[in-house]
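Chemist: So the protein sequences, as listed, match chains U and S.
Going by the working numbering, the first sequence opens with residue 28, and the numbers climb by one from there.
Going by the working numbering, the second sequence opens with residue 94, and the numbers climb by one from there.
We put the beta carbon where it would ideally sit given N, CA and C, even for glycine.
The model shown is predicted, which means the values in this text are computed figures rather than measured ones.
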Amino acid sequence: MNINDYEARQIIPRWYPFEMALYLGEVLPNSKPVNYRNKFTSYLEKEIDWMRNIKTLSSALDFVGTALVVNDFNNDNAVKASEFILDNEKKISSLAIQLAKRYVNEEKKISNFSLSDDNNCRNNIVRIKAALKMYPYNSIAWADMAYYYAVLGQNAKSDKCMFIAVNYSPDNRYILRSAARLYLHLHDPEKALYYLRKSENTRYDPWLLSSEISISEAFDIKTKNIKTAKYFLTKVDDLPSKDLAELFGTIATLEAKSGANNKAKKLFKNALIDPNENTVAQAFWMSPQIGLHVDLSNKAEASFEADGRYYFSIGNYKDALESTIKWLKFQPFCSHPVISASYISGVCLNDYNRSIQIIKDYGNHFIEKDFFVKNNYIFSLASLGRISEAEKLLDSINIGSLQNNEKATLLATEGLIKYRKNLIDEGRKLYEDAIENFKILKDEKRTVLASYFLSREEKRIGNDNILLSEKISKSAKRLGLNELIPKSNIKE
Amino acid sequence: MAIRPAMKLLGLDLVDGWKAIKLIEPKSTDTGSCFSVGYIVRNNDGKEAFLKALDYSRALQSDDPAKELQKLTERFNFERTLLDKCRNKHMSKIVTAIAHGKITVPGESSEHGVVQYIVFEKADGNIRQLYNLSKNIDTTWCLRSLHNSAVALQQLHTHGIAHQDLKPSNVLVFAKDQEFKVADLGRASDKAVPFHYDEMQIAGDPSYAPIELEYNFRISDEFQRKYGIDMYHLGSLIFFYFSDVSATEAIKTKLTKSLNTSKEGKGFTEDLPYIRYAFIEAVNDLRKDVFDKAEDLTDEIINIVQELCEPDPSKRGHPLDRVNNPYSLERYITSFDRLAEKAEVRLSK
Numbered sequence: 028m029n030i031n032d033y034e035a036r037q038i039i040p041r042w043y044p045f046e047m048a049l050y051l052g053e054v055l056p057n058s059k060p061v062n063y064r065n066k067f068t069s070y071l072e073k074e075i076d077w078m079r080n081i082k083t084l085s086s087a088l089d090f091v092g093t094a095l096v097v098n099d100f101n102n103d104n105a106v107k108a109s110e111f112i113l114d115n116e117k118k119i120s121s122l123a124i125q126l127a128k129r130y131v132n133e134e135k136k137i138s139n140f141s142l143s144d145d146n147n148c149r150n151n152i153v154r155i156k157a158a159l160k161m162y163p164y165n166s167i168a169w170a171d172m173a174y175y176y177a178v179l180g181q182n183a184k185s186d187k188c189m190f191i192a193v194n195y196s197p198d199n200r201y202i203l204r205s206a207a208r209l210y211l212h213l214h215d216p217e218k219a220l221y222y223l224r225k226s227e228n229t230r231y232d233p234w235l236l237s238s239e240i241s242i243s244e245a246f247d248i249k250t251k252n253i254k255t256a257k258y259f260l261t262k263v264d265d266l267p268s269k270d271l272a273e274l275f276g277t278i279a280t281l282e283a284k285s286g287a288n289n290k291a292k293k294l295f296k297n298a299l300i301d302p303n304e305n306t307v308a309q310a311f312w313m314s315p316q317i318g319l320h321v322d323l324s325n326k327a328e329a330s331f332e333a334d335g336r337y338y339f340s341i342g343n344y345k346d347a348l349e350s351t352i353k354w355l356k357f358q359p360f361c362s363h364p365v366i367s368a369s370y371i372s373g374v375c376l377n378d379y380n381r382s383i384q385i386i387k388d389y390g391n392h393f394i395e396k397d398f399f400v401k402n403n404y405i406f407s408l409a410s411l412g413r414i415s416e417a418e419k420l421l422d423s424i425n426i427g428s429l430q431n432n433e434k435a436t437l438l439a440t441e442g443l444i445k446y447r448k449n450l451i452d453e454g455r456k457l458y459e460d461a462i463e464n465f466k467i468l469k470d471e472k473r474t475v476l477a478s479y480f481l482s483r484e485e486k487r488i489g490n491d492n493i494l495l496s497e498k499i500s501k502s503a504k505r506l507g508l509n510e511l512i513p514k515s516n517i518k519e
Numbered sequence: 094m095a096i097r098p099a100m101k102l103l104g105l106d107l108v109d110g111w112k113a114i115k116l117i118e119p120k121s122t123d124t125g126s127c128f129s130v131g132y133i134v135r136n137n138d139g140k141e142a143f144l145k146a147l148d149y150s151r152a153l154q155s156d157d158p159a160k161e162l163q164k165l166t167e168r169f170n171f172e173r174t175l176l177d178k179c180r181n182k183h184m185s186k187i188v189t190a191i192a193h194g195k196i197t198v199p200g201e202s203s204e205h206g207v208v209q210y211i212v213f214e215k216a217d218g219n220i221r222q223l224y225n226l227s228k229n230i231d232t233t234w235c236l237r238s239l240h241n242s243a244v245a246l247q248q249l250h251t252h253g254i255a256h257q258d259l260k261p262s263n264v265l266v267f268a269k270d271q272e273f274k275v276a277d278l279g280r281a282s283d284k285a286v287p288f289h290y291d292e293m294q295i296a297g298d299p300s301y302a303p304i305e306l307e308y309n310f311r312i313s314d315e316f317q318r319k320y321g322i323d324m325y326h327l328g329s330l331i332f333f334y335f336s337d338v339s340a341t342e343a344i345k346t347k348l349t350k351s352l353n354t355s356k357e358g359k360g361f362t363e364d365l366p367y368i369r370y371a372f373i374e375a376v377n378d379l380r381k382d383v384f385d386k387a388e389d390l391t392d393e394i395i396n397i398v399q400e401l402c403e404p405d406p407s408k409r410g411h412p413l414d415r416v417n418n419p420y421s422l423e424r425y426i427t428s429f430d431r432l433a434e435k436a437e438v439r440l441s442k
């Protein structure tokens, strides 16, 4: 969804606060819980008691509480007792109300989760710190605190909290996946893999197996688990589809990478039986290569990335931006959606003010940590003519630390600033240098993008080169850069 | 449908001059066993007591009546022996048997008409019946009952008995002496007298059982681990008093997905971080409810709940006792006593 889009997207585990992970079905097995109704006479007595005698809150609570404990869900009598409890909620404690709500499955919806803004994160950190003071063994709370610190960009503190979490619970799926995602965020894939590989559960848990393989693949690190995973997928008829979705998707991605598109397609079909949003996004990302049709109408909850990709692919940039902003709030410690959202806003919608606002609101702490966030920020400032601010930020970039493609991108952005300062020759030279560098790097997409913006600046000063515009349009079409096509033929 | 023999004891002369004068219809707040029938009995001195008569009728309706009858009788006899032991050891906080016997109900065959019974001292009710939801709670009353229940458990543990089914309906109130006693040893285990029910995965009420039992997880095969279950039940009473639900119900409420407890043993240690997280969330809610009633006593009460209901059975109990005497209740007995006194003083101001 942006020029830096994944060259090889993998199903890298997502990271959310525990409650959201639990809600999304990534924590506990998704198999239907065993109903122990008939195992306990005392439970049946409570049901009879509730049915026969005067209905009291006390007997309703006793009955519903036990129904919940023995997993006797969808019992009409218990549902009625829960409703009776909820009708009298002023008379009972908050836990008792929650108990009745939990029984009638009044679960949280994804929209009820407060997606992380800075204040929310700080409040959560204060709350968790207080709880940990009282009870330090709560590894989930340590992992949650690591999450909120990561969202705030306080990586060292996040690392420290996760270290405690992973040492308390070195085999727990939620902790291991969260830790792996954090260490990737901290550019330490070896550490992510270290913890995953250290746990024996990684050999048996499809969620962990998938994480280990996808991270190894993403960072070109050898893994011994591919065979295990393939074998595992042939032997797990009794596991719920949801628990296997990521692993099917990860192996499908591997097959596609090695050119076995039909195998990949078949595996993705299994992955999409009951997928999570990450798997849907992966399938959608892979779909053009392997000729897979992904039905997004029946998609997983919180499919913000997949939605964004879909809208982007059909040129509906407005909805693509809205979905990407949701993705950004959903994975707030991740710079990728910030880059995508600012790209869509700036490049596709020419809304530079919004692009700046997005970075300020959601990606402020990435400005100093992620070159492309900063570049998009400078680009938007310069496009609005806020040159001095753009230059100030530009001066703060440490060129020595940049990769070659980042250096070439910087040349193009410097070129834009020169154009906007009416230093046309210098601007043109910088753009041409950037294009040349991209060509050397064999980065066709960025070559076309830099050419597109060079042409835009030339048009601004009255040098409209229709032939060049058509050439750019043609290349953009060939490379799937549809966002550049209509505009390259429109005179500004 | 024919009236069950156990329901026909009214007016009959029983052992030691006792006579059944009133059949007790089960109330909505009782969660006692359906294998027995209750009566009020009176002796020649006019003293009233409670009689529990063994009801075979459900066993007779089962697929294998002979086996069920045998099981029922064995358990009844086991309970009777335990009650004798409690009386002989002077366990003051256990509701002990005054007498026991059996009677052939007139008009019934000698095969099916024999009813065994136990006579207990009569209480004014159990906590479940008398408790009027947490909104109207009397903190002193709760803390005193917790103290008495802790003493009862300690008395049992000292003599190698684990109760395994401590819950509000098994804590009886004796208003005259302002005393609480623990009743119903029907699910108890005696270290000295192994019984085949000892190996039951969950001996008591599932809604009060610690979650490790659902996974059939045991920290050891030692008998003493059962004392840890009693400790959890004791802590769970605090949940009940202040938040209307048991500790187990509160934990399950906080987990929006159900645990897969069919993954026995190892599954528990894998899921323990989730259980612990849910437990702490539940304790956070409980804290607010406790604070509304117990104010400055809140921290100490919450601390006790955390130690007694700790989801990890190896960490349950007071940290200072963990090495030498992990299941000791002595510190809690002292704490509950002190807390009850503080609450009393506050009430009198």
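Measure from the alpha carbon of U/T436 to the alpha carbon of each residue in U/S415, U/S410, U/D470, then state which is nearest.
Modeler: Residue 436 of chain U sits at position 409 when you count from the first residue of the first sequence. The candidate whose alpha carbon is nearest that of U/T436 is U/D470.
Chemist: U/R447 and U/G390 - do their beta-carbons sit closer together than 8 Å?
Modeler: Against the first sequence, residue 390 of chain U aligns to sequence position 363. Against the first sequence, residue 447 of chain U aligns to sequence position 420. In this structure, U/R447 does not lie closer than 8 Å to U/G390 by Cβ.
Chemist: Out of S/Y367, S/S155, S/V416, which one is the CA nearest neighbour of U/N165?
Modeler: Along the first sequence, read from residue 1 onward, the residue named residue 165 of chain U stands at position 138. Minimum Cα distance to U/N165 is reached at S/Y367.
Chemist: Nearest-angstrom Cα distance between U/K396 and U/H214?
Modeler: Position 369 of the first sequence, counted from the start, is the residue given in the question as residue 396 of chain U. Position 187 of the first sequence, counted from the start, is the residue given in the question as residue 214 of chain U. Answer to the nearest angstrom: the Cα atoms are 12 Å apart.
Chemist: Look at S/R173 and S/A190 and say whether their C-beta atoms are less than 8 Å apart.
Modeler: Stepping through the second sequence from its first residue, residue 173 of chain S is reached at position 80. Stepping through the second sequence from its first residue, residue 190 of chain S is reached at position 97. Cβ distance < 8 Å, so S/R173 and S/A190 count as in contact.
Chemist: For a contact meaning CB atoms closer than 7 Å, what does S/K345 contact in chain U?
Modeler: Within the second sequence, residue 345 of chain S is the residue found at index 252, counting from 1. By Cβ distance, chain U contributes L95, V96.
Chemist: Among S/D283, S/D148, S/G110, which has the Cα closest to the Cα of S/E315?
Modeler: Residue 315 of chain S sits at position 222 when you count from the first residue of the second sequence. S/E315 has its Cα closest to that of S/D283, out of S/D283, S/D148, S/G110.
Chemist: Quick one: what does DSSP say S/T197 is sitting in, helix, strand or coil?
Modeler: Taking the first residue of the second sequence as 1, we reach residue 197 of chain S at position 104. The answer is strand: DSSP assigns S/T197 an E or B state.
Chemist: Using the DSSP secondary-structure output, state which residues sit across from S/S129 in a beta bridge.
Modeler: What you label residue 129 of chain S is simply residue 36 of the second sequence in a count that begins at 1. Looking at the DSSP assignment, S/S129 forms a beta bridge with S/L147.
Chemist: Quick one: measure Cβ to Cβ for U/A368 and U/L348, integer angstroms, because I've assumed they're closer than 8 Å.
Modeler: Translated into the one-based positions of the first sequence, residue 368 of chain U becomes position 341. Translated into the one-based positions of the first sequence, residue 348 of chain U becomes position 321. That pair is a contact at about 6 Å.
Chemist: Does the beta carbon of S/T349 sit closer than 8 Å to a beta carbon anywhere in chain U?
Modeler: On the second sequence, position 256 is the one that residue 349 of chain S refers to. Answer yes: the Cβ-Cβ gap between S/T349 and chain U drops below 8 Å somewhere.
Chemist: Report yes if the C-beta distance between U/P315 and S/S351 is below 8 Å; otherwise report no.
Modeler: Taking the first residue of the first sequence as 1, we reach residue 315 of chain U at position 288. Taking the first residue of the second sequence as 1, we reach residue 351 of chain S at position 258. No, Cβ-Cβ distance for U/P315 and S/S351 is not below 8 Å.
Chemist: Between S/R221 and chain U, is the shortest Cβ-Cβ distance under 8 Å, so that the two count as touching?
Modeler: By 1-based counting over the second sequence, the position of residue 221 of chain S is 128. Yes, its Cβ sits closer than 8 Å to a Cβ of chain U.
Chemist: If you compare alpha carbons, which of U/I341, U/N289, U/N303 is closest to U/L319?
Modeler: The residue you call residue 319 of chain U lines up with position 292 of the first sequence. Of the listed residues, the one whose Cα sits closest to U/L319 is U/N289.
Chemist: Since U/A287 is in the alpha helix (DSSP H), which residue starts that stretch and which ends it?
Modeler: The residue given as residue 287 of chain U occupies position 260 in the first sequence. Neither: U/A287 is in no alpha helix (DSSP H) and is coded neither H nor E.
Chemist: Cutting at 6 Å between CB atoms, please list the residues of its own chain near S/D291, excluding the five before and the five after it.
Modeler: If you number the second sequence from 1, residue 291 of chain S lands on position 198. Hits under 6 Å: S282.
Chemist: I want to know whether the region 139 to 150 of chain S touches the region 245 to 263 of chain S - three or more CB-CB distances under 8 Å.
Modeler: Output reads no: the region 245 to 263 of chain S does not touch the region 139 to 150 of chain S.
Chemist: Using 8 Å as the threshold, is the C-beta distance between S/I426 and S/V244 below it?
Modeler: The sequence position of residue 426 of chain S within the second sequence is 333, counting from 1. The sequence position of residue 244 of chain S within the second sequence is 151, counting from 1. Yes, Cβ-Cβ distance for S/I426 and S/V244 is below 8 Å.
Chemist: Determine which residues share a DSSP beta bridge with S/D106 and list them.
Modeler: Counting from 1 along the second sequence, the entry for residue 106 of chain S is found at position 13. Answer is S/K112.
Chemist: If the cut-off is 9 Å on Cβ atoms, which residues from the region 37 to 69 of chain U count as contacting chain S, listed in chain order?
Modeler: Of all residues in the region 37 to 69 of chain U, F45, E46, L49, Y50, G52, V54, L55, P56, N57, S58, K59, P60, V61, Y63, K66, F67, T68, S69 have a Cβ within less than 9 Å of some Cβ in chain S.
Chemist: Tell me which residues of the region 366 to 400 of chain S have at least one Cβ-Cβ distance to chain U shorter than 8 Å, keeping chain order.
Modeler: Against chain U - using a Cβ distance shorter than 8 Å - the residues of the region 366 to 400 of chain S are P366, Y367, R369, Y370, I373, A375, V376, N377, D378, L379, K381, D382, I395, Q399.
Chemist: Name, in chain order, the residues that DSSP records as bridge partners for S/D283.
Modeler: Working through the second sequence from its first residue, we reach residue 283 of chain S at position 190. Per DSSP, S/I254, S/V286.
Chemist: Going by alpha carbons, who is nearest to U/S330 out of U/A35, U/L51, U/F45, U/R36?
Modeler: By one-based count along the first sequence, residue 330 of chain U stands at place 303. Comparing Cα positions, the closest option is U/L51.
Chemist: Interface residues of chain U around S/T341 at Cβ under 7 Å?
Modeler: Translated into the one-based positions of the second sequence, residue 341 of chain S becomes position 248. The contacting residues are V96.
Chemist: What residues in the region 314 to 338 of chain S have a beta carbon less than 9 Å from any beta carbon of chain U?
Modeler: So the close ones are F332, F335, S336, D337, V338.
Chemist: Can you give the beta carbon distance from S/L301 to S/S329, rounded, assuming they're within the 8 Å contact cut?
Modeler: Position 208 of the second sequence, counted from the first residue, corresponds to residue 301 of chain S. Position 236 of the second sequence, counted from the first residue, corresponds to residue 329 of chain S. In the sequence as presented, Leu is not what sits at residue 301 of chain S; that position holds Tyr. Yes, S/Y301 and S/S329 are in contact; Cβ-Cβ is about 5 Å, under 8 Å.
Chemist: Check whether the Cβ atoms of S/I344 and S/A375 sit closer than 8 Å, and answer yes or no.
Modeler: Working through the second sequence from its first residue, we reach residue 344 of chain S at position 251. Working through the second sequence from its first residue, we reach residue 375 of chain S at position 282. In contact: S/I344 and S/A375 (Cβ atoms closer than 8 Å).
Chemist: Report yes or no: do three or more beta-carbon pairs, one from the region 380 to 389 of chain U and one from the region 66 to 80 of chain U, lie closer than 8 Å?
Modeler: These segments do not touch.
Chemist: Which residues does DSSP list as the beta-bridge partners of S/K274?
Modeler: As a first step, residue 274 of chain S must be located in the second sequence, where it is residue number 181. Bridge partners of S/K274: S/L265.
Chemist: Cα separation between S/Y370 and U/F399?
Modeler: Taking the second sequence and counting its residues from 1, the one referred to as residue 370 of chain S is at position 277. Taking the first sequence and counting its residues from 1, the one referred to as residue 399 of chain U is at position 372. C-alpha separation (whole angstroms): 38 Å.
Chemist: Using a threshold of 8 Å, state whether the C-beta atoms of U/N98 and U/P267 are closer than that.
Modeler: Walking along the first sequence from the start, residue 98 of chain U turns up at place 71. Walking along the first sequence from the start, residue 267 of chain U turns up at place 240. No, these two residues do not count as a Cβ contact at 8 Å.
Chemist: If you measure between the beta carbons of U/L274 and U/S237, is that distance less than 8 Å?
Modeler: Against the first sequence, residue 274 of chain U aligns to sequence position 247. Against the first sequence, residue 237 of chain U aligns to sequence position 210. Contact: yes.
Chemist: Which residue from S/G139, S/D298, S/I395 puts its Cα closest to that of U/F90?
Modeler: The sequence position of residue 90 of chain U within the first sequence is 63, counting from 1. Answer by Cα proximity: S/D298.
Chemist: Taking the straight line between their C-alpha atoms, what separation do you get for S/A276 and S/S355?
Modeler: For the purposes of this step, residue 276 of chain S is taken as residue 183 along the second sequence, with counting starting at 1. For the purposes of this step, residue 355 of chain S is taken as residue 262 along the second sequence, with counting starting at 1. Rounded to the nearest angstrom, the two C-alpha atoms are 32 Å apart.
Chemist: I need the straight-line Cα distance from U/L294 to U/L235, nearest angstrom please.
Modeler: Taking the first residue of the first sequence as 1, we reach residue 294 of chain U at position 267. Taking the first residue of the first sequence as 1, we reach residue 235 of chain U at position 208. When rounded, the distance between both Cα atoms is 18 Å.
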